[in-house]
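Undergrad: Just dropping this structure here.
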Ligand code: NAD
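In this note's numbering, the protein residues as written are 5 to 427.
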């Protein structure tokens, strides 16, 4: 069809190009017409704002904030807000597109968006973070809205930031608007089960994949990169299913224990010190070494492009379940597929978070609260159904689970777009 451009040969992949490489393969397999292809790949809106903030010492510092709405074909756009020094427009564009595909894979009536602020939240006070979050919300008044664009937490943000966004947005509306944001604290209309939801979806995906691969989870081993919201909850839930978590990590380094990491001890250590640095429950190794451990399951749950052309050959895990968005580069994907490593891709594996975010939004609009059990049962069902859908397409077309996920997502968005038109 002539729309696939060769990707530049570099070690570090540009996240948007990396996403597009996989999108292109799926689009080609589906025979997507060029007109729809152009619409689906182009972000609907890209906003960059400057945020001048008074820091605690009295000086003013200007931060750069982003919001990209990739698509609102399936419904209001949905996507997290990331606070990190690496945030840039291309990253936010890729993350926004992944949200579109993710919502489509799990069949949730949302489009995709993402936001971010280039900042170092670990080295900012609570007051500075509040002023920054409120300033960002003010600049996004026109974009956010329960029927337009609904933010959620991502790396570096959590329930407190969501509470500030909800409050600042509500001020402008003159009324409390809970459904403008998800991932809120429970008392402000958050959903039971939301905090663990992404890790839970990772666990459900891993169990489904292990079942297909005929690997007994009891006694199987797993290494988890990133011990934040997604990684720590995935570790805990996988351990409850009988897996032995032999390695965990955060940005300061990794810890390996062949007898299994004591996860309660690790969580308590992180809660006390805000980091795993100095943790003694395992041998200190590097984050790179963690990825290359001899384990059954590897869960990258930190950042993009950690499995890349440099280390893909050295990966020994039989199954990779992507908790993070974009942890595997497009070139690494090819190598892993050829080696027979099964990869449950981000747009499927970590969709539990947006699924329960959707439940939170539904509950806010109903003015009603579901039990944790109801939330978990419904999200487990959605994750299992999505896995089956993707697995079926992968078998039918003899493609990886990633390409199959993109095929499911593109079909859904393209069909909807063709029916409804151009909004
Ligand atoms: P978080 O901030 O709670 O945790 C991130 C973890 O990664 C921390 O332990 C941090 O120390 C670690 N980390 C950062 N840089 C690292 C590096 N270079 N090497 C190893 N570890 C590193 O964030 P989170 O919410 O758990 O998100 C993690 C990933 O999951 C992100 O890619 C995010 O986009 C994705 N994700 C999150 C959700 C969600 O609901 N929170 C949903 C879907 C996808």
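A virtual CB, placed ideally from N, CA and C, is assigned to each residue, including glycine.
Going by C-alpha distance, which of 256, 359, 405, 264 is nearest residue 325?
TA: Closest by alpha carbon: 405.
Undergrad: Which same chain residues end up closer than 8 Å to residue 156 when comparing Cβ atoms and leaving out the 5 residues on each side of it in sequence?
TA: If we look at residue 156 and ignore the five residues flanking it on each side, its Cβ neighbours are 82, 83, 84, 85, 166, 185, 186, 187, 357, 358, 361.
Undergrad: At a cut-off of 7 Å, would you count residue 2 as near the ligand NAD, judging by its Cβ distance to the nearest heavy atom?
TA: This structure cannot settle anything about residue 2, because the visible part of the chain is limited to 5 through 427.
Undergrad: Within 10 angstroms of the Cβ of residue 14, are there 16 or more other Cβ atoms? Answer buried if so, exposed if not.
TA: With a pLDDT of only 43 at residue 14, under 50, the local geometry of the prediction cannot be trusted, and no value is derived from it.
Undergrad: Label residue 310 either buried or exposed according to how many other C-beta atoms from any shown protein chain fall within 10 Å of its C-beta, with 16 as the threshold for buried.
TA: Result: buried.
Undergrad: What separation, rounded to the nearest whole angstrom, lies between the Cα atoms of residue 79 and residue 115?
TA: When rounded, the distance between both Cα atoms is 5 Å.
Undergrad: In whole angstroms, what separates the C-alpha of residue 472 from that of residue 236?
TA: Within the shown structure, residues of the chain are numbered from 5 to 427, placing residue 472 beyond reach of any answer.
Undergrad: Look at the alpha carbon of residue 248 and the alpha carbon of residue 351, and state the distance between them as a whole number of angstroms.
TA: Whole-angstrom Cα-Cα distance: 25 Å.
Undergrad: Quick one: is the Cβ of residue 332 within less than 7 Å of any heavy atom of the ligand NAD?
TA: Outside the cutoff, so no.
Undergrad: Could you work out which residue in 329, 331, 293 is closest to residue 1 when comparing CA atoms only?
TA: Residue 1 lies beyond the range of the chain shown here (5 to 427); nothing can be said about it.
Undergrad: Could I get the ranges of all uninterrupted alpha helix (DSSP H) runs contained in the stretch 236-295, with 4 residues as the minimum, in chain order?
TA: If we require 4 residues or more, the alpha helix (DSSP H) runs fully inside the stretch 236-295 come out as 267-277, 291-295.
Undergrad: Tell me where the beta strand (DSSP E) around residue 341 begins and ends.
TA: No beta strand (DSSP E) contains residue 341, which is instead part of the alpha helix (DSSP H) from 334-343.
Undergrad: Looking at residue 255 and the ligand NAD, is the gap between the Cβ and the nearest heavy atom below 7 Å?
TA: Residue 255 Cβ: within cutoff of the ligand NAD.
Undergrad: Under 8 Å by Cβ, that's how I've got residue 159 and residue 88 pegged, so tell me the actual separation to the nearest angstrom.
TA: Yes, they are in contact, since the Cβ atoms of residue 159 and residue 88 sit about 6 Å apart, within 8 Å.
Undergrad: Give me the Cα-Cα distance between residue 385 and residue 363, rounded to the nearest whole angstrom.
TA: Near 13 Å, if we compare the C-alpha coordinates of residue 363 and residue 385.
Undergrad: So, at 7 Å on beta carbons, what are the nonlocal neighbours of residue 410 in its own chain, with the 5 sequence-adjacent residues on each side left out?
TA: For residue 410, where only same-chain residues beyond five positions count, the Cβ hits under 7 Å are 26, 27, 30, 105.
Undergrad: Check the DSSP bridge columns for residue 174 and list the partner residues they point to.
TA: Per DSSP, none; premise fails for residue 174.
Undergrad: Based on DSSP bridge pairs, tell me the residues matched to residue 56.
TA: DSSP lists 66 as partners of residue 56.
Undergrad: Tell me whether the beta-carbon of residue 193 lies closer than 8 Å to the beta-carbon of residue 177.
TA: No, these two residues do not count as a Cβ contact at 8 Å.
Undergrad: Ends of the alpha helix (DSSP H) at residue 36?
TA: Element bounds for residue 36: n/a, residue is neither H nor E.
Undergrad: Report all residues from its chain with a CB closer than 8 Å to the CB of residue 262; omit the five preceding and five following residues, and keep chain order.
TA: Closer than 8 Å at the Cβ level, and outside the excluded window around residue 262, lie 250.
Undergrad: For residue 383, name the three-state secondary structure that DSSP assigns.
TA: In this structure, residue 383 counts as helix in the three-state DSSP scheme.
Undergrad: Is it the case that the stretch 122-135 contacts the stretch 49-68, given that we only count it when at least three CB pairs across the two stretches are under 8 Å?
TA: They touch, by the three-pair rule.
Undergrad: Specify, as a first and last residue, the run of the alpha helix (DSSP H) that residue 112 falls within.
TA: It is not in any alpha helix (DSSP H) - residue 112 carries neither H nor E in the DSSP assignment.
Undergrad: From the DSSP secondary-structure annotation, give me the bridge partner or partners of residue 50.
TA: 72.
Undergrad: Just tell me which of 392, 323, 252 has its CA closest to the CA of residue 231.
TA: Closest by alpha carbon: 252.
Undergrad: Alpha helix (DSSP H) containing residue 154: first to last residue?
TA: Element bounds for residue 154: not the alpha helix (DSSP H) but the beta strand (DSSP E), 153-157.
Undergrad: For residue 347, which three-state DSSP category applies?
TA: Three-state result, residue 347: strand.
Undergrad: Flag residue 239 as yes when its Cβ comes closer than 7 Å to any non-hydrogen atom of the ligand NAD, and as no otherwise.
TA: Checking the Cβ of residue 239 against the ligand NAD gives no.
Undergrad: For the beta strand (DSSP E) containing residue 324, list its first residue and its last residue.
TA: 323-325 is the span of the beta strand (DSSP E), which, as asked, contains residue 324.
Undergrad: Going by DSSP, what residue range makes up the beta strand (DSSP E) through residue 414?
TA: No beta strand (DSSP E) holds residue 414; the alpha helix (DSSP H) holding it covers 405-424.
Undergrad: Which term fits residue 12, buried or exposed, when burial requires 16 or more other beta carbons within 10 angstroms of its beta carbon?
TA: Note that residue 12 scores 39 on pLDDT, short of 50, meaning its location in the model is unreliable and no value can be drawn from it.
Undergrad: Thinking C-alpha only, which one of 344, 373, 200 is nearest residue 327?
TA: Of the listed residues, the one whose Cα sits closest to residue 327 is 200.
Undergrad: Could you tell me the distance, in whole angstroms, from the CA atom of residue 153 to the CA atom of residue 75?
TA: For residue 153 and residue 75, the distance between alpha carbons rounds to 10 Å.
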